[in-house]
Amino acid sequence: MTRRNARVIAFYLPQFHPIPENDAWWSPGFTEWTNAARARPLFRGHYQPHMPADLGFYDLRLPETRAQQAELAARYGVEGFCYYHYWFGGRELLQRPLDEVLLSGEPDFPFCVCWANESWTGIWHGEPRRILMEQTYPPGDDERHFERLLPFFRDRRYLKVNDLPLMVVYKPLELPDPKQFCRRWKAMARDAGLDGLYLVGVKHNDRFLPEPAGFDAAILQKLAPKTGTVPWRYAALKIKSKLHRCRLTILDYKKVHLQSIRTESTSYKEFPCIIPNWDNTPRSGLNGLVLHGSTPELFRAQVKKAVAKVQRDLQGEEQIIFLKSWNEWAEGNHVEPDLKWGHAYLQVLAEELNSTPPEPHHD
Numbered sequence: 280m281t282r283r284n285a286r287v288i289a290f291y292l293p294q295f296h297p298i299p300e301n302d303a304w305w306s307p308g309f310t311e312w313t314n315a316a317r318a319r320p321l322f323r324g325h326y327q328p329h330m331p332a333d334l335g336f337y338d339l340r341l342p343e344t345r346a347q348q349a350e351l352a353a354r355y356g357v358e359g360f361c362y363y364h365y366w367f368g369g370r371e372l373l374q375r376p377l378d379e380v381l382l383s384g385e386p387d388f389p390f391c392v393c394w395a396n397e398s399w400t401g402i403w404h405g406e407p408r409r410i411l412m413e414q415t416y417p418p419g420d421d422e423r424h425f426e427r428l429l430p431f432f433r434d435r436r437y438l439k440v441n442d443l444p445l446m447v448v449y450k451p452l453e454l455p456d457p458k459q460f461c462r463r464w465k466a467m468a469r470d471a472g473l474d475g476l477y478l479v480g481v482k483h484n485d486r487f488l489p490e491p492a493g494f495d496a497a498i499l500q501k502l503a504p505k506t507g508t509v510p511w512r513y514a515a516l517k518i519k520s521k522l523h524r525c526r527l528t529i530l531d532y533k534k535v536h537l538q539s540i541r542t543e544s545t546s547y548k549e550f551p552c553i554i555p556n557w558d559n560t561p562r563s564g565l566n567g568l569v570l571h572g573s574t575p576e577l578f579r580a581q582v583k584k585a586v587a588k589v590q591r592d593l594q595g596e597e598q599i600i601f602l603k604s605w606n607e608w609a610e611g612n613h614v615e616p617d618l619k620w621g622h623a624y625l626q627v628l629a630e631e632l633n634s635t636p637p638e639p640h641h642d
């Protein structure tokens, strides 16, 4: 097996099956496909809607779907999925796909979890003040939460760094006491017979530094800023956005995509995050951010930069690149094949990882 230049772990969204809460908040049968499929172009040349190819409009309750995703990811060099995990002070949402992966033992494909610790609001539907599910941190919650995740940490497929189960926290600075959180979780892991935990916090455009907060490393997830800028070549759309007091932002992917990978080294361990595409107007309409004009070849330059960075700054099992993301279709952020590009983004990824890429896919 060819040694790859880096470990690629892809963020994975489980919101592709109905749950009672989404049925009540939005409409019966609501899933991520609901937003993705009803998207329409906002301007000439705007790529919407994104339509799935190989896997179709899948339902993650089906083991066949999960198996197909894993086979596709492995074929193109993705080492594992990082499932978004939704835990709100003891209440979980969208847990079924990963629970079934654990209980069934299938697919035989590595995984880890990212605790998406932020409140759910109606922001994507023009109701930012509507709290659907509030993120809370009640007394004793760390213990309950750890016990819930322990069976996953113990699974032989669970992703590790230097023999430590890898866990990501999406909003580390939202924790009431990040350092105490890390200390407590690592101690509970050792008490449970593990060697500890490898805790990683996502660094957005904020002041998060991993080591002072007790974390082992950070993921730099640097999306272009949402500035409310619409080019004048889309004059009617620009005026419409202003009249409705919206913050639609349209940026050229070619001009901003390399900014997501830090050029300079840091004094702490930082994993780059590659972003093949982004357009969340299916969710947020005129308050969305569009990185217009993404292509596989532009993405190639970003992957090259990320590989060079981890080879220069990190060693061994810490040479990790996160991919945002595998399947966030309603944010126009996916490498799963679509009708426009097919397997092209995955092909680029495989080639730049120095794996042995499969033959290009032909319909």
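Positions 280 to 642 (our numbering) are the ones given, in order, by the sequence shown. Note that CB positions come from ideal geometry on N, CA and C, so glycine has one too.
When DSSP builds the beta bridges, which residues end up paired with residue 289? Looking up residue 289 in the sequence shown gives position 10. 360 and 602, per the DSSP bridge assignment.
Unbroken stretches of the alpha helix (DSSP H), 4 residues or longer, contained in the stretch 463 to 536: 514 to 522 and 532 to 535
Three-way DSSP call (helix, strand, coil) for residue 301 in this model: Within the sequence shown, residue 301 is the residue found at index 22, counting from 1. Helix.
Taking residue 552 and residue 499 to be in contact with their CB atoms under 8 Å, please state how far apart those CB atoms are, rounded to whole angstroms. In the sequence shown, the residue the question calls residue 552 occupies position 273. In the sequence shown, the residue the question calls residue 499 occupies position 220. With a Cβ gap of about 6 Å, residue 552 and residue 499 count as contacting.
Who are the Cβ neighbours of residue 280 in its own chain at under 6 Å, not counting the five residues just before and after it? Taking the sequence shown and counting its residues from 1, the one referred to as residue 280 is at position 1. Any reading at residue 280 must be qualified, since the residue scores a pLDDT of 38, below 50, and its modelled position is unreliable; the value itself is stated next. Within the same chain, residue 280 has no close Cβ partners at all.
Thinking C-alpha only, which one of 345, 302 and 447 is nearest residue 482? In the sequence shown, the residue the question calls residue 482 occupies position 203. Comparing Cα positions, the closest option is 447.
Starting from residue 311, follow the beta strand (DSSP E) in both directions and report where the run begins and ends. As a position in the sequence shown, residue 311 is number 32, starting the count at 1. Element bounds for residue 311: not the beta strand (DSSP E) but the alpha helix (DSSP H), 311 to 316.
Kindly provide the ranges of any beta strand (DSSP E) runs that are 3 or more residues long and lie completely inside the stretch 316 to 361, ordered along the chain. none
Helix, strand or coil at residue 613 according to DSSP, with G and I counted as helix: The residue labelled residue 613 in the question sits at position 334 within the sequence shown. DSSP places residue 613 in strand when its eight states are reduced to three.
State yes or no: is the C-beta of residue 565 within less than 8 Å of the C-beta of residue 527? Position 286 of the sequence shown, counting from 1, holds the residue named residue 565. Position 248 of the sequence shown, counting from 1, holds the residue named residue 527. Cβ atoms of residue 565 and residue 527: closer than 8 Å.
Taking the alpha helix (DSSP H) that residue 400 falls in, what are its first and last residues? For the purposes of this step, residue 400 is taken as residue 121 along the sequence shown, with counting starting at 1. Element bounds for residue 400: not the alpha helix (DSSP H) but the beta strand (DSSP E), 399 to 401.
To the nearest angstrom, report how far apart residue 599 and residue 568 are at their CA atoms. In the sequence shown, the residue the question calls residue 599 occupies position 320. In the sequence shown, the residue the question calls residue 568 occupies position 289. Distance between the alpha carbons of residue 599 and residue 568 is about 27 Å.
Tell me which residue opens and which closes the alpha helix (DSSP H) that residue 579 is part of. Taking the first residue of the sequence shown as 1, we reach residue 579 at position 300. Residue 579 -> alpha helix (DSSP H) spans 575 to 592.
Does the pairing of the stretch 545 to 562 with the stretch 489 to 507 give three or more beta-carbon distances under 8 Å? yes
To the nearest angstrom, how far is the alpha carbon of residue 365 from that of residue 322? The residue given as residue 365 occupies position 86 in the sequence shown. The residue given as residue 322 occupies position 43 in the sequence shown. Their backbone Cα atoms lie some 35 Å apart in a straight line.
What do you get for residue 424, buried or exposed, if any count of 16 or more other CB atoms within 10 angstroms of its CB means buried? Indexing the sequence shown from 1 puts residue 424 at position 145. The residue in question, residue 424, is buried, as its Cβ has 16 or more Cβ neighbours within 10 Å.
According to DSSP, is residue 445 part of a helix, a strand, or is it coil? Working through the sequence shown from its first residue, we reach residue 445 at position 166. Reduced to three states, the DSSP call for residue 445 is strand.
May I ask you to verify whether the stretch 329 to 349 touches the stretch 584 to 604, counting CB pairs closer than 8 Å and requiring at least 3? no
I'd like to know whether the C-beta atoms of residue 493 and residue 487 end up nearer to each other than 8 Å. Locating residue 493 in the sequence shown gives position 214, counting from the first residue. Locating residue 487 in the sequence shown gives position 208, counting from the first residue. Cβ atoms of residue 493 and residue 487: not closer than 8 Å.
In terms of DSSP beta bridges, what is residue 557 paired with? Locating residue 557 in the sequence shown gives position 278, counting from the first residue. Paired residues: 570.
Simplified DSSP state of residue 439, which is helix, strand or coil: Counting from 1 along the sequence shown, the entry for residue 439 is found at position 160. If DSSP states are grouped into helix, strand and coil, residue 439 belongs with the strands.
Among 529, 451, 554 and 608, the one whose alpha carbon lies nearest that of residue 536: Within the sequence shown, the letter at position 257 stands for residue 536. The shortest Cα separation from residue 536 among 529, 451, 554 and 608 belongs to 554.
N- and C-terminal bounds of the beta strand (DSSP E) containing residue 371: Locating residue 371 in the sequence shown gives position 92, where the first residue counts as 1. Its beta strand (DSSP E) spans residues 370 to 372.
Member of 436, 376 and 370 whose CA lies at the smallest distance from the CA of residue 415: The sequence position of residue 415 within the sequence shown is 136, counting from 1. Checking every option, the nearest Cα to that of residue 415 belongs to 370.
Just curious, the alpha helix (DSSP H) that residue 431 is in, first and last residue? As a first step, residue 431 is located in the sequence shown; it is residue number 152 there, counting from the start. First-last of the alpha helix (DSSP H) with residue 431: 420 to 433.
The beta strand (DSSP E) with residue 388 in it runs from where to where? Counting from one through the sequence shown, the residue named residue 388 turns up at place 109. From DSSP, residue 388 is part of no beta strand (DSSP E); its letter is neither H nor E.
How is residue 295 classed by DSSP in three states: helix, strand or coil? For this step, residue 295 is matched to residue 16 along the sequence shown. Coil, per DSSP.
Which residues mark the beginning and the end of the alpha helix (DSSP H) in which residue 630 is found? Your numbering for residue 630 matches position 351 in the sequence shown. Segment 623 to 631, the alpha helix (DSSP H) holding residue 630.
Check residue 281 in the structure and name its three-state DSSP category. As a working mapping, residue 281 is identified with position 2 in the sequence shown. The pLDDT assigned to residue 281 is 48, lower than 50, so where the model puts this residue is not dependable, and the model offers no usable value.
Skipping 5 residues on each side, what residues in its chain have a beta carbon closer than 6 Å to that of residue 530? Position 251 of the sequence shown, counted from the first residue, corresponds to residue 530. Once the five neighbours on either side are set aside, the close Cβ partners of residue 530 are 503 and 570.
From the DSSP output, in three-state form, read off residue 411 for me. For the purposes of this step, residue 411 is taken as the residue at position 132 of the sequence shown. DSSP places residue 411 in strand when its eight states are reduced to three.
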